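Numbering (our numbering), first residue to last: 26 to 102.
A virtual CB, placed ideally from N, CA and C, is assigned to each residue, including glycine.
Keep in mind it's a predicted model, so treat the numbers as computed, not measured.
The structure appears below as structure tokens.
Written out as structure tokens, the structure reads:
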């Protein structure tokens, strides 16, 4: 799979030396078995958070949406 399309929104700089939380969600999976049609693709949303104090919401630093597409056959090396 290769990352073919991406939209990235940077909301705040990432602080150095701080543990971050990455969350991802699959938005769509598309696959066509018909000859001549497009190959399989997966649309994913990824968010990067900075955990804050307990009982406070996490701070969203970066949010991205992208599409991964399969190129060619998958082979074991």
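Burial state of residue i (16 or more Cβ within 10 Å)
i: residue 46; result: exposed
i: residue 33; result: exposed
Residue from the options with nearest C-alpha to residue i
i: residue 83; options: 94, 73, 38, 92; result: 73
i: residue 70; options: 31, 87, 49; result: 49
i: residue 40; options: 65, 89, 77; result: 77
i: residue 67; options: 79, 80, 51; result: 51
C-alpha distance - residue i paired with residue j, whole-angstrom precision
i: residue 35; j: residue 85; result: 9 Å
i: residue 29; j: residue 95; result: 9 Å
i: residue 56; j: residue 91; result: 16 Å
i: residue 54; j: residue 31; result: 16 Å
i: residue 37; j: residue 87; result: 7 Å
i: residue 64; j: residue 58; result: 8 Å
Beta-carbon contacts of residue i that lie in its chain and below 7 Å, excluding the five residues immediately before and after
i: residue 75; result: 40, 43, 45, 83, 84, 86
Range of the contiguous beta strand (DSSP E) that encloses residue i
i: residue 91; result: 84-94
i: residue 53; result: 46-55
i: residue 67; result: 66-75
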